[in-house]
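*Asks:* Residue numbers (our numbering): 11 to 330.
We put the CB at the ideal spot given by N, CA and C, even for glycine.
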Ligand code: FAD
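1. Tell me, please, whether the region 205-213 touches the region 180-187 by the rule of three or more beta-carbon pairs shorter than 8 Å.
2. Whose C-beta lies closer than 8 Å to the C-beta of residue 234 among residues of the same chain, with five residues either side of it excluded?
3. Would you list the residues sitting across from residue 283 in a DSSP beta bridge?
4. Mind checking who residue 146 pairs with in its DSSP beta bridge?
5. What does residue 215 pair with, by DSSP beta-bridge criteria?
6. Spatial neighbours of residue 82 within its chain, please: CB distance less than 7 Å, with the 5 preceding and 5 following residues excluded, ordered by chain position.
7. Can you check which of these residues, 321, 206, 157, is closest to residue 229 by C-alpha distance?
8. Looking only at its chain, what residues have a beta carbon closer than 6 Å to the beta carbon of residue 187, apart from the 5 residues adjacent to it on each side?
9. If distances are taken between C-alpha atoms only, which option among 11, 50, 140 comes closest to residue 20?
10. As a quick exercise: from 227, 239, 27, pick the residue whose alpha carbon is nearest that of residue 314.
11. What's the gap between the Cα of residue 273 and the Cα of residue 191?
12. Tell me whether residue 189, by its Cβ, gets closer than 7 Å to a heavy atom of the ligand FAD.
13. Going by the C-beta, is residue 261 closer than 7 Å to any heavy atom of the ligand FAD?
14. Over what stretch of residues does the beta strand (DSSP E) that includes residue 39 continue unbroken?
15. Check residue 206 in the structure and name its three-state DSSP category.
16. Quick check on the DSSP output: the beta strand (DSSP E) that includes residue 293 runs from which residue to which?
17. With a CB to CB cut of under 6 Å and the five nearest residues on each side skipped, what residues in its chain are close to residue 36?
18. Excluding five sequence neighbours on each side, which residues of the same chain lie with their C-beta closer than 7 Å to the C-beta of residue 170?
19. Could you check what DSSP says for residue 252 in three-state terms: helix, strand or coil?
20. Straight-line CA distance for residue 63 to residue 173?
21. Given the structure, does residue 309 come close to the ligand FAD, in the sense that its CB is under 7 Å from one of the ligand's heavy atoms?
22. Between residue 237 and residue 256, is the Cβ-Cβ spacing less than 8 Å?
23. So, using beta-carbon positions, are residue 260 and residue 277 closer together than 8 Å?
24. Taking the alpha-carbon of residue 318 as reference, which of 120, 161, 231, 286 has the nearest alpha-carbon?
25. DSSP three-state call for residue 159: helix, strand or coil?
26. Given this structure, state the Cα-to-Cα distance separating residue 299 from residue 309, to the nearest angstrom.
27. Indicate, with yes or no, if the ligand FAD has a heavy atom lying under 7 Å from the CB of residue 235.
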């Protein structure tokens with residue numbers, strides 16, 4: 011059966027959820043072969059096997075942490091040469107997309123980025139993308155070389171499927187180019203304990219209607235009751251109420267959670283561009299004419315300072 015390479019996003023052996031989603035999609039096309047690189051790579055094998063990886067190609071070397079993306083590109087290039095897959099699937103994180111683009115160039119292939127769905131087709135995998143601020147859905151196939159496809163988080167369910175997950179060492183010989191850009195320092199961002207914005211199943215966002223940095227505690231309380239990430243509109247970020255790393259939209263992050271709750275956000279096209287592929291959208295806005303109500307599944311016309319705390323209390327009481 012045809013094999014599909016899946017690039018594993020992991021932190022010291024802990025596999026991130028978008029990779030498990032890729033394994034679900036990969037099984038629609040062929041047998042998933044995972045490629046795990048860097049510190050802890052071998053430790054990923056058990057969970058990858060539980061989610062359908064028939065083989066896990068690993069290569070542990072300090073180069074992956076010490077240099078920017080080129081060592082990873084060269085390892086994937088080696089994996090493509092060894093496996094001759096029908097496609098290479100990569101999570102749509104900022105770094106992995108750079109890896110994917112460079113890989114496609116190296117192997118002379120076409121690339122599709124930010125797919126939101128994937129299915130088998132007569133002439134290769136068919137990727138669905140949401141384009142022009144999510145006003146259109148397109149279906150595309152790569153017609154040149156081995157398709158390289160990046161997939162947005164939350165595009166598929168994580169579905170366990172036991173497979174062999176046989177660990178095999180990947181043979182990688184780095185070129186001089188791999189060591190062109192060295193990482194000289196790393197600063198970890200302070201952890202909020204909340205899920206990563208782009209991977210979260212639920213996102214609660216606040217906009218200008220939140221009316222002050224201190225009032226974001228209302229948004230955070232709802233997010234925490236739901237185990238959600240916190241997002242913000244650009245207006246809230248530009249006002250200095252919330253960090254840019256939490257901005258959702260055209261010039262912020264693109265999210266696609268199961269549930270997106272927009273509070274005090276008008277629904278400008280640039281904001282929609284980052285959240286319109288969310289599965290269920292809820293908006294709380296005191297203006298019944300706010301454009302956000304054009305795209306919601308559920309809308310609440312009301313003051314967020316009444317509605318959001320009441321919702322938080324309700325969620326908490328249901329949890330008991
Ligand atoms: P507003 O449009 O001011 O809306 C505030 C809303 O809150 C109103 O609808 C109001 O009725 C409601 N409200 C007020 N008080 C309450 C209350 N107490 N209870 C309930 N509702 C209340 N924007 C982004 O978000 N992300 C981007 O990435 C982004 N990129 C951009 C890129 C470019 C090139 C440009 C030109 C713009 C970009 N913008 C982006 C900005 C975008 O056009 C809007 O200005 C912005 O999204 C507005 O943010 P907002 O909805 O929070 O504020």
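*Replies:* Reading from the atomic positions:
1. no
2. Within the chain shown, the letter at position 224 stands for residue 234. Taken in chain order, the residues that qualify are 204.
3. For the purposes of this step, residue 283 is taken as residue 273 along the chain shown, with counting starting at 1. Bridge partners of residue 283: none, in fact.
4. Here residue 146 corresponds to residue number 136 of the chain shown, with the count starting at 1. Bridge partners of residue 146: 141.
5. Looking up residue 215 in the chain shown gives position 205. Answer is 241, 272, bridged to residue 215.
6. For the purposes of this step, residue 82 is taken as residue 72 along the chain shown, with counting starting at 1. For residue 82, where only same-chain residues beyond five positions count, the Cβ hits under 7 Å are 47, 74, 109.
7. For the purposes of this step, residue 229 is taken as residue 219 along the chain shown, with counting starting at 1. The residue with the shortest Cα to Cα distance from residue 229 is 321.
8. Locating residue 187 in the chain shown gives position 177, where the first residue counts as 1. Counting only Cβ-Cβ distances below 6 Å, and skipping sequence neighbours, we find 80.
9. In the chain shown, counting from the first residue as 1, residue 20 sits at position 10. Of 11, 50, 140, the residue nearest in Cα terms is 50.
10. On the chain shown, position 304 is the one that residue 314 refers to. Measuring from the Cα of residue 314, the nearest candidate turns out to be 227.
11. Numbered from 1 along the chain shown, position 263 holds the residue referred to as residue 273. Numbered from 1 along the chain shown, position 181 holds the residue referred to as residue 191. Spanning the two alpha carbons is a distance of roughly 42 Å.
12. Indexing the chain shown from 1 puts residue 189 at position 179. Because no heavy atom of the ligand FAD lies under 7 Å away, the Cβ of residue 189 does not count as near it: no.
13. The residue you call residue 261 lines up with position 251 of the chain shown. Yes, the ligand FAD has a heavy atom inside 7 Å of this Cβ.
14. As a first step, residue 39 is located in the chain shown; it is residue number 29 there, counting from the start. No beta strand (DSSP E) holds residue 39; DSSP gives it neither H nor E.
15. The sequence position of residue 206 within the chain shown is 196, counting from 1. Coil, per DSSP.
16. Sequence index remark: in the chain shown, residue 293 carries index 283 (1-based). Residues 290-295.
17. As a position in the chain shown, residue 36 is number 26, starting the count at 1. Around residue 36: 14, 16, 42, 99.
18. Numbered from its first residue, the chain shown carries residue 170 at position 160. The residues are 60, 61.
19. On the chain shown, position 242 is the one that residue 252 refers to. Residue state, collapsed to three classes: coil.
20. Residue numbering aside, residue 63 sits at position 53 when the chain shown is read from its first letter. Residue numbering aside, residue 173 sits at position 163 when the chain shown is read from its first letter. Cα to Cα, residue 63 sits roughly 6 Å from residue 173.
21. Here the question's residue 309 lines up with position 299 in the chain shown. No; taking the cut-off as 7 Å, the Cβ of residue 309 has no heavy atom of the ligand FAD nearer than that.
22. Indexing the chain shown from 1 puts residue 237 at position 227. Indexing the chain shown from 1 puts residue 256 at position 246. Their beta carbons are not under 8 Å apart, which means residue 237 does not touch residue 256 by this criterion.
23. Walking along the chain shown from the start, residue 260 turns up at place 250. Walking along the chain shown from the start, residue 277 turns up at place 267. No, Cβ-Cβ distance for residue 260 and residue 277 is not below 8 Å.
24. Taking the chain shown and counting its residues from 1, the one referred to as residue 318 is at position 308. Comparing Cα-Cα distances from residue 318 to each of 120, 161, 231, 286, the minimum goes to 231.
25. Reading the chain shown from its first residue, position 149 is the one you call residue 159. Strand, per DSSP.
26. For the purposes of this step, residue 299 is taken as residue 289 along the chain shown, with counting starting at 1. For the purposes of this step, residue 309 is taken as residue 299 along the chain shown, with counting starting at 1. Taking the straight line joining both Cα atoms gives about 11 Å.
27. In the chain shown, residue 235 corresponds to position 225, counting from 1. No - the ligand FAD has no heavy atom lying nearer than 7 Å to the Cβ of residue 235.
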